[in-house]
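Asker:
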Amino acid sequence: MGPVKDYYATLGVDPRASEAEIRQAFRRLARRFHPDLNPDSPEAEARFREINEAYEVLADPQRRREYDQARRGVIPTEPVDGWVRARRRFFGGLLGGMSRSRTGFRAAARERGQDVQAEVELTLEEVYRGTVRPVEFESPQTCPACRGSGVYLNRPCHSCGGEGTVRRKRRVEVGIPAGVADGARVRVQGAGGAGRGGGPPGDLYVKVNIRPHPVFEHHGQDLFVEVAVPLTTAVLGGQVEVPTLDGGVKLVIPPETQNGRVFCLPGLGLPDAREPGRRGSLYARLRVVLPQNLSAEQRELFERLRRLDPPDRA
229 MGPVKDYYAT LGVDPRASEA EIRQAFRRLA RRFHPDLNPD SPEAEARFRE INEAYEVLAD
289 PQRRREYDQA RRGVIPTEPV DGWVRARRRF FGGLLGGMSR SRTGFRAAAR ERGQDVQAEV
349 ELTLEEVYRG TVRPVEFESP QTCPACRGSG VYLNRPCHSC GGEGTVRRKR RVEVGIPAGV
409 ADGARVRVQG AGGAGRGGGP PGDLYVKVNI RPHPVFEHHG QDLFVEVAVP LTTAVLGGQV
469 EVPTLDGGVK LVIPPETQNG RVFCLPGLGL PDAREPGRRG SLYARLRVVL PQNLSAEQRE
529 LFERLRRLDP PDRA
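Counted the way my numbering counts, the sequence shown spans residues 229 to 542.
1) Run the CB neighbour count on ARG317, radius 10 Å, all protein chains shown included, and call it buried at 16 or more, exposed below.
2) My assumption, with CB atoms under 8 angstroms, is that GLY420 sits in contact with SER367. Please give the rounded CB distance.
3) From the DSSP output, read off the bridge partner residues of SER377.
4) HIS446 to GLU528, Cα distance in whole Å?
5) Taking GLU445 as part of the beta strand (DSSP E), name the residues at either end of that continuous run.
6) Which two residues bound the contiguous beta strand (DSSP E) that contains ASP450?
7) Go to ARG251, then tell me how far its alpha helix (DSSP H) extends in each direction, as first and last residue.
8) Please state whether the Cβ-Cβ distance between VAL360 and GLY403 is less than 7 angstroms.
9) Spatial neighbours of VAL312 within its chain, please: C-beta separation below 6 angstroms, excluding the five flanking residues on both sides.
10) Between PHE319 and ALA412, what straight-line distance do the alpha-carbon atoms span, to the nearest angstrom?
11) Using only the alpha-carbon positions, how far apart do HIS386 and ASN280 sit?
12) Just to confirm, is the Cβ distance from ASP343 to ASP431 under 7 angstroms?
13) With a Cβ-Cβ cutoff of 7 angstroms, do GLN369 and ALA422 count as a contact?
14) Would you mind sorting VAL453 into buried or exposed? The rule is 16 or more other CB atoms within 10 Å of its CB.
15) Please classify ALA501: is it buried, with 16 or more other beta-carbons within 10 angstroms of its beta-carbon, or exposed?
16) For GLU469, which of LEU352, ALA274, PHE491, VAL463 has the nearest alpha-carbon?
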């Protein structure tokens, strides 16, 4: 037989401690070593399991009596099969999960973890280039006390209520491909809820919401922008700068360009996440800007233009 674990030392109490003293010691230590308060400490997680294991036994009067007898080397006065179970509990440090049967609790069936949903809001610039964003969500995770078995010493785990999982917050870095569509879901395999009974974890699905842009509108992979054009440029022709998500480009305006005319600039829209290498177009709609606060000379020029313009010209 192996040595009996000293559960009293684990909780830091005297073997003659009362139930209240044991409960108080457990709560104090559980708060100190809880995995949520020590997310990056395997030592704290292991200590938390030991504390739970000790409390599961010492908080139950019958199991405490059996444990005290085992510490003194006394075989409990119970049927042979019951003593075998006691040996497995106390000398084997049994942590294996079990579901209720005639002989105790058996390991829960192997079951895939839940899929988890989350959302992220992206700027149009992030959609254009692709990005990596941290996503926070809550999901069922493997219980650190029973390691997912749902059982401590042949009894339902006190920490997870026998479920094998506890709900905890998680933070995952999610890669968002360039050109992802508004409302699309990005799948992160294995980042969902923990499986039960050694089953595989579920997946994380992140829904993408694209934030409205102050300059551009978008429909699918195409972008739309309005460009202000001086009256003289619209009449005589020239160049205007068209904004893009990669900086400005020059657009040649032919003479006598009408207000509201739309120019298509292929390949300057959003990339397509479904078809790498393909990009949408940028559509620039011109808005002719009339001059304001005319000087006397400018007004005279417009008067001359009006006299030269035939009355019946549309």
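For every residue, glycine included, the Cβ atom is placed at its ideal position computed from N, Cα and C.
Note that the structure is a prediction, hence the values are computed from the model and not measured.
Answerer: So, from the listed chains and residues:
1) Below a pLDDT of 50, predicted positions are generally treated as unreliable, and ARG317, at 36, falls in that range; no measurement from the model is reported.
2) 6 angstroms
3) Beta-bridge pairing links SER377 to no other residue.
4) 43 angstroms
5) 445-447
6) 450-458
7) 247-261
8) yes
9) With a pLDDT of 35 at VAL312, under the threshold of 50, the modelled position of this residue cannot be trusted, and the question is left open.
10) Reliability fails at PHE319, whose pLDDT of 37 lies under 50, so the model's placement of it is uncertain and the value that follows must be treated cautiously. Using only the alpha carbons, I get a separation of about 54 angstroms.
11) 7 angstroms
12) yes
13) yes
14) buried
15) buried
16) PHE491
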